[in-house]
Amino acid sequence: AGARRGGWEEPVAVPPIAWGVADDASKFANDGGAWFYQQLAGASLTENRWTLAWNPASPTTIVELPFLERAAPVAQAAGIHVVLALYSTDAKQHDPAAFCAWAQTVAQTVTQWGIHDYIVGNEPNTLLYWSPQKNAAGRDVAGPAYEQLLATCYDTIHAGDPDATVIGMGLSPRASTRRSNDPLSFLRDVGQAYRASGRTEPLMDQLALHPYPNPAKKGSPPQAGYDKPDDFGIPQLDRVKQAVYDAFNGTGQPTTLNGLTFRLDEVGWQTDTSGLPQYYGEENAPVVVSEQTQANDIATMVQR
């Protein structure tokens with residue numbers, strides 16, 4: 008915990024930032040990702056986040072296990088730190104007992120390849136990944152339900168892998184639809200449910216965030232941010248820290264003042280791919296004008 012001097016709590020020392028990509032290409036590559044990891048090394052990137060989906064129709068099966076068996080040893084040999092984002096293929100199916108038993112099996116399986124970091128869920132404040140979000144009165148029901156899932160998985164994953172880092176939420180930076188929840192409101196609702204549960208053990212060892220650029224801001228540079236106070240972008244991580252403090256101060260869940268750190272496991276700027284034959288379809292967010300602009304925005308984000 009941070010030491011107090013003159014009524015102020017000194018910040019906790021945090022580890023240096025590691026940089027990587029959120030990309031499943033290496034997981035599915037026929038060579039187990041060997042070529043992909045050469046590209047990462049050339050860019051001084053050391054982490055690769057993979058998704059791993061739970062199928063409620065086959066609740067005890069690691070469906071993508073053959074891909075893990077091929078790719079994970081290659082990543083380990085290349086010195087790549089793999090992070091797994093665990094989520095349900097069905098936004099309406101999030102049974103804590105079944106999902107977290109599966110998550111424990113995952114942890115017990117992948118530890119042999121040096122994988123110990125697990126993000127529980129993906130953007131649970133959005134209707135795309137968690138349904139329902141609100142009841143008929145407009146009250147958040149996803150936050151309390153997610154709190155039960157995260158608490159259960161914290162215990163089962165740590166039981167399966169004592170060296171685990173259980174990472175919460177993967178918050179979207181905004182409500183993607185009117186029926187979704189604002190991220191910081193959702194975070195506080197999770198804290199309220201945690202307090203009401205009487206739990207004394209933590210919910211998470213880290214907090215995952217997706218501080219994507221604001222689609223309402225033209226060009227959407229890293230410094231643009233969001234006007235709505237319960238949204239967040241790159242320049243507004245202080246808002247998240249305050250929301251974490253409001254949600255969990257005085258409980259068994261650490262805040263950023265006494266040990267909780269962030270993992271920004273998704274962020275990026277999309278470029279115009281029209282006229283490039285390797286691409287098909289359309290981007291799902293406003294694009295920047297060029298790859299150089301994209302590179303400049305990433306550099307600005309890194310500096311911030």
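FYI, the numbering for the sequence shown is 8 to 311, going by my numbering.
Positions of the beta carbon are idealized from the N, C-alpha and C atoms, including for glycine.
Next item on the list: Would you identify the three-state DSSP class for Arg246, choosing helix, strand or coil?
Entry: DSSP places Arg246 within a helical segment (H, G or I) once states are collapsed to three.
Checklist line | DSSP bridge partner residues for Arg2 (one or two, in chain order) | finding: In the structure displayed, the chain extends from 8 to 311; residue 2 sits before or after that span and is not available.
Notebook entry, point to check: Between the segment 291-303 and the segment 222-232, do at least 3 Cβ pairs fall closer than 8 Å?
Noted result: yes
Check: Cα separation between Leu75 and Lys34?
Finding: 7 Å
Note to self: If I measure Cβ to Cβ from Ala200 and keep anything under 8 Å in the same chain, skipping five residues before and after, which residues do I get?
What the structure shows: Gly150, Pro151, Glu154, Gln155
Next item on the list: Note down the Cα distance separating Pro147 from Pro131, rounded to an integer number of angstroms.
Entry: The residue you asked about is not Pro; residue 147 is Asp in the sequence shown. Roughly 11 Å separates the two Cα atoms.
Next item on the list: Could you name the residues of the same chain whose beta carbon sits closer than 8 Å to that of Thr53, not counting the 5 residues immediately before and after it, in chain order?
Entry: Ala25, Trp26, Gly27, Leu47, Gly86, Ile87, His88
Note to self: What ranges does the beta strand (DSSP E) occupy inside the segment 133-217, keeping only unbroken runs of at least 3 residues that lie completely in it?
What the structure shows: 172-178, 213-216
Notebook entry, point to check: How would you write the range of the beta strand (DSSP E) that Val28 sits in, first residue to last?
Noted result: 27-29
Item checked: Stretch pair the segment 174-189 + the segment 199-219: three plus CB contacts closer than 8 Å -> yes
Next item on the list: Would you list the one or two residues that DSSP bridges to Val90?
Entry: Arg56, Asp124
Note to self: Among the candidates Trp120, Asp31, Lys248, whose CA atom is the shortest distance from the CA of Trp57?
What the structure shows: Comparing alpha carbon positions, the residue from Trp120, Asp31, Lys248 closest to Trp57 is Asp31.
Check: Based on the DSSP secondary-structure assignment, which residues constitute the bridge partners of Trp61?
Finding: Ser95
Item checked: Touch test, the segment 122-142 against the segment 165-179, Cβ-Cβ under 8 Å, three pairs minimum -> yes
Check: So what does DSSP say about Val117, is it helix, strand or coil?
Finding: helix
Notebook entry, point to check: In chain order, what residues of the same chain lie with their CB nearer than 7 Å to the CB of Ala171, ignoring the 5 residues before and after it?
Noted result: Ala114, His123, Tyr125, Ile164, His165
Margin query: Less than 6 Å separating the Cβ of Gln243 from some heavy atom of the ligand FMN?
Written below: The ligand FMN is not among the ligands present in this structure, which contains no ligands whatsoever.
Check: How many angstroms separate the CA atom of Leu264 from the CA atom of Gln285?
Finding: 46 Å
Check: Based on Cα-Cα distance, which residue from Lys141, Leu271, Gln260, Glu298 lies nearest to Leu283?
Finding: Glu298
Next item on the list: Counting only the same chain and skipping the five closest in sequence on each side, list residues whose C-beta sits under 6 Å from that of Ile241.
Entry: Contacts found: Pro218, Pro229, Met308, Arg311.
Next item on the list: Whole angstroms is fine: what's the gap from Gly121's alpha carbon to Gln83's?
Entry: 7 Å
Item checked: Euclidean distance between Cα positions of Val274 and Thr300 -> 15 Å
Item checked: C-alpha gap between Thr67 and Trp109, whole angstroms -> Cα atoms of Thr67 and Trp109: separation of roughly 6 Å, rounded to the nearest angstrom.
Next item on the list: Work out the CA separation of Pro73 and Asp272 for me, nearest whole Å.
Entry: So the two alpha carbons sit approximately 24 Å from each other.
Next item on the list: Locate the alpha helix (DSSP H) running through Gln230, then write down its first and last residues.
Entry: First-last for Gln230: undefined, no H or E at that position.
Next item on the list: Check each candidate in Gln111, Val173, Ala302, Ala36 and name the one with the smallest Cα separation from Met211.
Entry: For Met211, the nearest C-alpha among the options comes from Val173.
Check: Which same chain residues, not among the five before or five after Gly198, have their C-beta less than 6 Å away from its C-beta?
Finding: Residues Ala254, Phe255 of the same chain have their beta carbon placed closer than 6 Å to that of Gly198, with the five preceding and five following residues left out of the count.
Note to self: Less than 7 Å between the beta carbons of Leu191 and Ala250, yes or no?
What the structure shows: The answer is yes: Cβ separation under 7 Å.
Check: Which stretch, first to last residue, makes up the alpha helix (DSSP H) that contains Val295?
Finding: Per DSSP, Val295 belongs to no alpha helix (DSSP H) and is neither H nor E.
Notebook entry, point to check: Exposed or buried, which one is Val81 when buried takes at least 16 other CB atoms within 10 Å?
Noted result: buried
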